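Numbering (full-length UniProt numbering), first residue to last: 1 to 263. The C-beta atom is built at its ideal place from N, Cα and C for all residues, glycine as well. Just so you know, these numbers come straight off a predicted model, no measurement behind them. The structure appears below as structure tokens.
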Amino acid sequence: MAMETLLAPWAAKSNESRGRLIFEPESATRTVFQRDRDRIIHSSTFRRLKHKTQVFVYHEGDHYRTRLTHSIEVSQIARALARSLRLNEDLAEALALAHDLGHPPFGHAGEAALDRAMQPYGGFDHNAQTIRLVTALEHPYAGFSGLNLCWETLEGLAKHNGPLVDAPIDSQNPPDSLPFGLKEYLRIDDLELHTWPSAEAQVAAIADDVAYNNHDIDDGLRAGLFSLEHWPRCLWFGPHWMRWMPNSPTFPKMCVSMNWCGG
């Protein structure tokens, strides 16, 4: 698309995509990365994030984040970062929206319990489960299993936190250290797990960190797990808080939180 001519040289270009595992004609109105984003949003897997715990279980209150609202916040931050760096916003957004699809219920505690229970079968890893969901378990199309996402989207989902192995591997005989879901897909398509992912994938990972580091504080304040009076004791927050608070002495608690957390 014309807007992509403005992207940085190191940005992912939709017309240079490695394409989809199953060939599909290109859209006249959307880039391949825009179609990936839309497929993720319309998937049943994405809708299920509504009832998955971020930190607080959803029935404790409507105002706490769920995996769904967290993913939406991550996507907004990822788009803003990508725009400022002249990266491909659509790919960054697709990766941000899908980055937590593989999480089980009950947050990280749920994943740890499931991993222990699944050790005889290779354990459980939420990033690998994301790959399984978008390549095999979703069935919205008649001609193939999965969402048939672009190579760049799958690569970013698999390794947005960095390379998973030190050197190229035999995709037909992947090492046992890799989670089952990844080994299963590598036998079909090599995601080059020894290399760093796209800049867009790295932006999505950073956006995830920014989102949860801020909204976990917001949710913790809302739940009463700590109060504003605790903040001056924090190593990083303390000095900044003491400079900022005298200018805002009468702000309501959540108003202070939103201003401090960058909402």
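Terminal residues of the continuous alpha helix (DSSP H) containing GLY107? 107-117
Is DSSP giving THR29 helix, strand or coil here? coil
Outcome for residue 270 when other beta-carbon atoms lying within 10 angstroms are tallied against a minimum of 16: The structure shown does not extend to residue 270, since the chain spans only 1 to 263, so no value can be given for it.
For ARG132, which of GLU184, ALA167, ARG83 and THR29 has the nearest alpha-carbon? GLU184
Could you tell me if LYS52 is buried or exposed, where buried requires 16 or more neighbouring beta carbons within 10 angstroms of its beta carbon? buried
Could you tell me the boundaries of the alpha helix (DSSP H) in which ALA207 lies? 199-223
Considering only DSSP beta bridges, list what CYS150 is partnered with. ARG20
Count the CB pairs spanning the stretch 115-134 and the stretch 146-159 that are closer than 8 Å, and state whether there are at least three. yes
Beta-carbon gap between THR153 and ALA94 smaller than 8 Å: yes
Buried or exposed, going by whether 16 or more other CB atoms sit within 10 Å of the CB of TYR121? exposed
Could you tell me the alpha carbon to alpha carbon distance between VAL210 and GLY143, rounded to whole angstroms? 39 Å
Quick check: what's the CA-CA separation for ARG37 versus ALA80? 16 Å
Could you check if GLU16 is buried or exposed, using at least 16 other CB atoms within 10 Å of its CB as the buried criterion? exposed
Between the stretch 94-114 and the stretch 31-47, are three or more C-beta pairs nearer than 8 Å? yes
Do the CB positions of ALA207 and VAL74 come within less than 8 Å of each other? yes
Buried or exposed: ARG65, going by 16 or more other Cβ atoms within 10 Å of its Cβ? buried
Contacting residues, own chain, Cβ-Cβ under 8 Å from ARG20 (five flanking each side not counted): VAL32, ASN148, LEU149, CYS150 and TRP151
Run through DSSP, which three-state label would THR135 get? helix
Proximity below 8 Å, CB of ALA109 to CB of SER71: no
Could you tell me the boundaries of the alpha helix (DSSP H) in which VAL74 lies? 67-84
Roughly how many angstroms lie between the CA atoms of GLY146 and ASN213, to the nearest whole one? 32 Å
Could you say which of LEU193, PRO239 and ASP189 lies nearest to ILE22 if we only look at CA atoms? ASP189
Could you check if PRO140 is buried or exposed, using at least 16 other CB atoms within 10 Å of its CB as the buried criterion? exposed
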